[in-house]
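A short write-up of the structure that comes next.
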Amino acid sequence: MVSEQLIWLIFFLPLISFAVISLIVRPFLNQISFIAGPIAILAIGSAFAISLLTFFEIGQGNHHLVEGPYEWFSIGSLAFTVGILMDPLTAIMLVVVTGVSLMVQVYSIGYMKPPKIEDQSYNHGPSELGKPVYARYFAYMSLFTASMLGLVMSANVIQLFVFWELVGLCSYLLIGFWFHRPAAAAAAKKAFIVTRVGDFGFLLALMYLFFKTLNTSDGLNYLEIDTINNHLPNLVTLGFIGSGALTLITIGIFVGAIGKSGQFPLHTWLPDAMEGPTPVSALIHAATMVTAGVFLVGRFFPIFQASESTMTLVALIGGFTAIFAATMGLVSNDIKRVLAYSTVSQLGYMMLALGVGAYGAAIFHLFTHAFFKALLFLGSGSVNHATGTFDMRYMGGLRKAMPITFITFLIGSLSLAGIFPFAGFWSKDEILLNAFADGTDGNPVSMLVFALALIAVFLTAFYMFRAMFMTFGGSFKGGSDKDPEAHAHGPVHLGESPISMILPMVLLAVPAIIIGYLANPFTALFGIEAHWMSHTLEHWLPNEIKGHVAEEFNILLAIISSLIAILGIILAYMMYKSEPIISPETVSKPFKPIHTLFYRKYYFDELYEGIIVKKVYYGTVALVLDWTDRNIVDRIVNIIGWTGTNIGGLLRQIQNGQLQMYATATSIGVIAIAAIFIFGR
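Rendered as structure tokens:
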């Protein structure tokens, strides 16, 4: 049996790795900084092993692995606690975070040591400049993993919010890892600021929750997550708080999730976050930063279900984001940005599922998506390692030069497109099925988001295989030698990546194929008894929460969605094979305004940065605040200072240091007091 001490080690091992690398390796052991990688791998690998044990313990129905939460300190009747909330959701997230992080750390050993190039400042190399960079990278990655683990294990909202902000800090540090590059520094600031907007909504929700539950007479601590989920809706039923208050609390939490998960309209930071090292992108998009938003809604799902308005909002935002992000992926030429838009779209699927009440389907898709999306990002880093560019227009012909990368990337693409029998097929089908079933039960919102999701299926298959054909098909187009915007200018060496990069991709390809079978699809499809799957995700994730029952596998809907995806693949083949049947230029020419709209990302950057920030804020709000500061605040402060100075000047005349004057003043005072005492009576 897994002990509570072992479960705490899941969090503390990456944290110890961060401390050792940042406090010992980097300042004192620069000459052997290569040990930073093995230290991080050992720590996170051990955490992954314990996470797997915990996962199987929870899968067997043993939910009493931890005690607590434990009281940290109290103010009056309010107790602040620290502890672990160990339930199926936590167990799944522990495996996702540690498993993907382990693969990313192994991959980073090779990726952070690219071939020597003229500009050593952009990449880690054998120079003295590279050594602290190498240690700093693994220190940040260890802290990032520890922060996400702390978030998913948190037993109360204060503890959760602390790690929520730490995850944001780590993403800032890693997106701007190459801080000497202006684009990377700007992307890090953009991610930090945009996600702070969402975090402000989350913080307001927590403050409002605290205010509304402060004076309840039931003696429960409404800072604990279990208490919130199990008892907060009852306060509405009993009339202690209004249904409007619960809606405001859930909307505030959802705003925080929108920021972290890059959902519309706070999606603009995620494509720019590709300025960080590619393994960082894999970790952010598969297991940490962006999945935190979906996890947050899943963690508070019982109170979300108590607010019909919030559920509708979650479904609509998720459904719209799924197709909105996919349209931008259609025209992007940067392979990492294509994958970034894909992540935003897939997170939209998960939010859509949560909005229609399909909690199990949403978490199942989060689980499968983590592995094939990490695989795809690592594949993009592998082709960049060989070509020196991320621009697909300068790639091509890599299928023969990089056969392992090609096969693994193809597996990830098929899984993402939802093609049978890959993992993405099973989890995405669950979402479509639940949305359709909820729509046929009379919910028009569910039917609307189901239609949006089906369109997104076609778009996803198209843009992923567009990327496949542009990257691996045809002939090689020069790589960084031809790309004027490539960071790594130098000789291009086409060939397979080193074993430290290939091995994680091969290992991730395995779950990308088979992890979907945790849903036990063969039992539903063929009636085959799979006893070894008796405790699977669908068995112990809450299939039924307040009346919502997970739908059975529907082969007709699965065939329809698969055919739609195959049509997207066929169209991509016709347009982007070596000798296209339909020229992309011919297709885009009649729709040039729409193409431009997609390419310019719907002009949201211009709206936010050019209009709201520069014109509205700096051009109006900042000027008004500046005038107020100079003419009102400064003048009030100056008047207070002038008053103090002049009063002090008067008093200074009395305090002149002459003892005779002090004696005279004292005597006059004594006489005055005596006179008042005598004559006053």
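So my numbering is basically just the index in the sequence shown, starting at one, shifted up by 7. Cβ atoms here follow ideal geometry from the backbone N, Cα and C, with glycine treated the same way. Since this is a predicted model, take the numbers as computed values, not measurements.
With three or more CB-CB distances shorter than 8 Å, the stretch 100–108 counts as touching the stretch 368–378. Comparing alpha-carbon positions, the option among V9, S24 and V111 lying closest to L385 turns out to be V111.
By the Cβ neighbour-count rule, T394 is buried, with 16 or more other Cβ atoms within 10 Å of its own.
Cα atoms of F465 and E613: separation of roughly 29 Å, rounded to the nearest angstrom. In the displayed model, I589 falls within coil according to three-state DSSP, outside both helix and strand. Under the 8 Å Cβ criterion, the stretch 474–488 counts as touching the stretch 407–417, having at least three qualifying pairs. Relative to the Cα of S568, the nearest Cα in the group F41, K435, M8 and Y610 belongs to K435.
Rounded to the nearest angstrom, the gap between the Cα atoms of T412 and F247 is 58 Å. Using a Cβ distance threshold of 8 Å, A424 and A572 count as a contacting pair. Within the model, the alpha-carbon separation for S108 versus I48 is close to 9 Å. Take Y606, set aside five residues on each side of it, and the residues of its chain with a beta-carbon closer than 7 Å to its own are V338, in chain order. In this structure the stretch 222–241 does not lie against the stretch 642–656, because fewer than three pairs of beta carbons, one per stretch, are closer than 8 Å.
Taking 8 Å as the upper bound for CB-CB distance, Y401 and G326 are not in contact here, some 35 Å apart. Rounded to the nearest angstrom, the gap between the Cα atoms of P278 and V201 is 13 Å.
Within 10 angstroms of the beta-carbon of T673 lie fewer than 16 other beta-carbons, which makes it exposed.
In this structure, the alpha-carbon of I324 lies about 16 Å from that of S349. The C-beta distance from F311 to V321 rounds to 7 Å, short enough to meet the 8 Å contact threshold.
Under DSSP, the beta-bridge partners assigned to V89 are Y77. Under DSSP, N163 shares a beta bridge with E231.
Secondary structure within the stretch 256–319: the alpha helix (DSSP H) runs of 4 or more consecutive residues, fully enclosed, are 276–279, 285–293, 296–306 and 308–312 (chain order). For the pair G44 and S115, the CB atoms are nearer than the 8 Å cut-off. D341 is bridged by DSSP to D398. Across the structure, Y624 and L421 are spaced so that their CA atoms are roughly 45 Å apart. Within 10 angstroms of the beta-carbon of E437 lie 16 or more other beta-carbons, which makes it buried. Taken atom to atom, the span from the alpha-carbon of E64 to that of M8 is near 7 Å. Minimum Cα-Cα distance from F261 among the listed residues W171, G431 and L303 corresponds to L303. Just so you know, the alpha carbons of G431 and I165 end up roughly 35 Å apart. In terms of Cα proximity to I232, the closest of G75, F469, I680 and F483 is G75. Burial state of Y118 is buried, judged by a 10 Å Cβ sphere holding 16 or more other Cβ atoms. CA-to-CA, the gap between N450 and L361 works out to about 14 Å. Residue environment for G676: exposed (fewer than 16 other C-beta atoms within 10 angstroms of its C-beta).
Excluding sequence positions up to five before and after L273, its CB lies within less than 7 Å of the CB of V201, V204, G205, I265 and G266, all in the same chain and listed in chain order. Counting of Cβ neighbours within 10 angstroms places P491 among the exposed residues, the total staying below 16. With distances taken between CA atoms, D398 lies nearest to D341 out of I23, G388 and D341. The residue from V140, S314 and F207 with its alpha-carbon nearest to that of G183 is V140.
Taking all protein chains shown into account, N441 has 16 or more neighbouring C-beta atoms within 10 Å of its C-beta and is therefore buried.
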